[in-house]
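See structure below.
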Amino acid sequence: MGDNPFGEPQTKVESIDNGAELDFLKVVRRLAEIDDEVKNRGVDSLLKEKEELRNLLKEHMLKDKRSAVYDETSNWEAVFVQRFEDVWNVSVLKKMLKPAQRARYIVEQVLSKGVAEGLKTGDLSRVTLEKGGALKQSKKGNPALYVRERKDESNGI
């Protein structure tokens, strides 16, 4: 237990979630323990190396026009798999649909990235858009949960 900076045996999921009321502090403590273990064991550097190797492999496979590489020793392969997505021609689709279908399947939409760029360059004013009713903030999905070491607020960090 000398390696455990938390001074007590590490908690396992089974002992946390026993069907009774959840002990939130135990969950946060276990997440802190796991994060500490990841740092101590050097997993971050391994994940970074893995990502660098994947990028290197992809770059050279593309350059050499290789679609697959197979290593018999590990029985692992690197394979390019082409992904596809549907691309709709809105003007053609509109002509093919009845008015009720057009109302159900075709939506007029704001290009958020374009507006963001307009706000950034000063072509648009957020204040003006909000005052005019063109823009408002609304909740997006469920709240995000951040589990992290608390920042020292007294130092402004």
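First residue of the sequence shown? That's 128 in the working numbering, and the numbers climb one at a time after it.
Cβ atoms here follow ideal geometry from the backbone N, Cα and C, with glycine treated the same way.
In summary, Arg157 is buried, with 16 or more beta-carbon neighbours lying within 10 Å of its beta-carbon over all protein chains present. In the DSSP assignment, Tyr232 falls outside any beta strand (DSSP E) and lies within the alpha helix (DSSP H) extending over 226 to 232.
DSSP, read as helix, strand or coil, puts Asp171 in helix. For Val206, DSSP records a beta bridge to Ala195.
Separation of Glu164 and Asp171 (C-alpha to C-alpha, rounded to the nearest whole angstrom) is 10 Å. Annotation: Val254 to Trp215 spans about 35 Å, alpha carbon to alpha carbon.
Following the DSSP letters along the chain, one finds Gly241 inside the alpha helix (DSSP H) bounded by residues 239 to 248. DSSP places Glu235 in no alpha helix (DSSP H); its state is neither H nor E. Rounded to whole angstroms, the Cβ separation of Glu257 and Lys263 is 7 Å, and the two are in contact under 8 Å. In the structure shown, the three-state DSSP call for Ser265 is coil. When the Cα atoms are used, Arg275 and Asp250 turn out to be separated by approximately 38 Å. Under the three-state reduction of DSSP output, Ala159 falls in the helix class.
Between Ser194 and Phe211, the C-beta spacing is not below 9 Å.
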